[in-house]
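Undergrad: Protein sequences appear in the order of chains A and B. For any residue, its number in this note's numbering is found by taking its place in the first sequence, counting from 1, and adding 19. For any residue, its number in this note's numbering is found by taking its place in the second sequence, counting from 1, and adding 27. Please see the structure below; I have some questions.
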Amino acid sequence: EPEVTQTPSHQVTQMGQEVILRCVPISNHLYFYWYRQILGQKVEFLVSFYNNEISEKSEIFDDQFSVERPDGSNFTLKIRSTKLEDSAMYFCASESLYEQYFGPGTRLTVT
Amino acid sequence: GENVEQHPSTLSVQEGDSAVIKCTYSDSASNYFPWYKQELGKRPQLIIDIRSNVGEKKDQRIAVTLNKTAKHFSLHITETQPEDSAVYFCAASHLSGNTPLVFGKGTRLSVIA
């Protein structure tokens, strides 16, 4: 059964550095999402993406964040200048028939 | 916007007993309610969902019920097993595609053998 994949599984970065988190959604899915989960808390929506543009974004998704689908398979989340509070698990999800399937996540640690 | 409340935050049951987790939502336009199971350090996995045109859905040992009038929905797990131990999240959304899920805070279920 196809799954959403994400790389890297763990990223450690220093405050102020740029990070790019990568996702490969399930191939025939059209809608893509990024969510984040701070340790021990609920999953929070960041941004949704369809037809090569952002459909919706939350308050968390400020100017430091951007998303891109550079080719037919990858979907990336970039954080331009990381802050300590960006430390979280970042999940990519792709959707088919209203059902969203999550990737294994990237644990981002900002020091 | 939508707000989803989930209770209890932790739940311990003996193996073989039933477990019930309850959620309420605020947006009457929400019509899609999935449940996710998240084991420690792993991805949330969709285990069952219900759409607002039905009041109940069952899949083996798990069932979901939906009360649209009261705006609440519940997850029922019968004959619990140790491998059911995980954090369970409810969520709400619209059946319109490309709509973000709004999650509850999660319930940590422990099944004691």
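All residues carry an ideal CB built from backbone N, CA and C; glycine is no exception.
Could you name the residues of the same chain whose beta carbon sits closer than 7 Å to that of A/Tyr-54, not counting the 5 residues immediately before and after it, in chain order?
TA: Here residue 54 of chain A refers to the residue found at position 35 of the first sequence. Excluding sequence neighbours, A/Tyr-54 sits near Val-62, Glu-63, Phe-64, Leu-65, Phe-110, Ala-112.
Undergrad: Is B/Glu-110 helix, strand or coil when you go by DSSP?
TA: Taking the second sequence and counting its residues from 1, the one referred to as residue 110 of chain B is at position 83. Here B/Glu-110 sits in helix by DSSP.
Undergrad: Go ahead and pull the three-state DSSP assignment for A/Glu-104.
TA: As a position in the first sequence, residue 104 of chain A is number 85, starting the count at 1. If DSSP states are grouped into helix, strand and coil, A/Glu-104 belongs with the helices.
Undergrad: Where does the unbroken beta strand (DSSP E) through B/Ala-90 begin, and where does it stop?
TA: Numbered from its first residue, the second sequence carries residue 90 of chain B at position 63. Its beta strand (DSSP E) spans residues 89-94.
Undergrad: To the nearest angstrom, how far is it from the Cα of A/Gln-56 to the Cα of B/Gly-82?
TA: Within the first sequence, residue 56 of chain A is the residue found at index 37, counting from 1. Within the second sequence, residue 82 of chain B is the residue found at index 55, counting from 1. Spanning the two alpha carbons is a distance of roughly 30 Å.
Undergrad: Would you tell me roughly how many angstroms separate the C-alpha atoms of B/Ala-90 and B/Ile-75, rounded to the nearest one?
TA: Working through the second sequence from its first residue, we reach residue 90 of chain B at position 63. Working through the second sequence from its first residue, we reach residue 75 of chain B at position 48. Distance between the alpha carbons of B/Ala-90 and B/Ile-75 is about 8 Å.
Undergrad: Along chain A, which residues have their Cβ under 8 Å away from the Cβ of B/Tyr-153?
TA: Residue coverage of chain B in this structure runs from 28 to 140, which leaves residue 153 of chain B outside it and unanswerable.
Undergrad: Is the Cβ of A/Val-62 closer than 8 Å to any Cβ of chain B?
TA: Within the first sequence, residue 62 of chain A is the residue found at index 43, counting from 1. Judged by the 8 Å Cβ criterion, A/Val-62 is in contact with chain B.
Undergrad: Answer yes or no: does any C-beta atom of chain B fall closer than 8 Å to that of A/Glu-75?
TA: Position 56 of the first sequence, counting from 1, holds the residue named residue 75 of chain A. Yes, its Cβ sits closer than 8 Å to a Cβ of chain B.
Undergrad: So which residues on chain E does A/Tyr-50 lean against when the C-beta distance must stay under 7 Å?
TA: No chain E is part of this structure, whose protein chains are labelled A and B.
Undergrad: Helix, strand or coil: how does DSSP classify B/Gln-41 here?
TA: What you label residue 41 of chain B is simply residue 14 of the second sequence in a count that begins at 1. Of the three classes helix, strand and coil, the one that applies to B/Gln-41 here is strand, per DSSP.
Undergrad: What residue ranges within the region 65-92 of chain A form continuous beta strand (DSSP E) runs of no fewer than 3 residues, ordered along the chain?
TA: Counting only runs of 3 or more, we get 72-76, 84-87.
Undergrad: Along the chain, where does the beta strand (DSSP E) that runs through B/Ser-55 open and close?
TA: Looking up residue 55 of chain B in the second sequence gives position 28. Run containing B/Ser-55: none; DSSP gives neither H nor E here.
Undergrad: Given A/Arg-88, which residues of its chain have a CB within under 8 Å of its CB, disregarding the five upstream and five downstream residues?
TA: The sequence position of residue 88 of chain A within the first sequence is 69, counting from 1. Answer for A/Arg-88: Phe-51, Phe-68, Asn-71, Phe-94, Thr-95, listed in chain order.
Undergrad: Run the CB neighbour count on A/Val-31, radius 10 Å, all protein chains shown included, and call it buried at 16 or more, exposed below.
TA: By 1-based counting over the first sequence, the position of residue 31 of chain A is 12. Per the 10 Å Cβ criterion, exposed.
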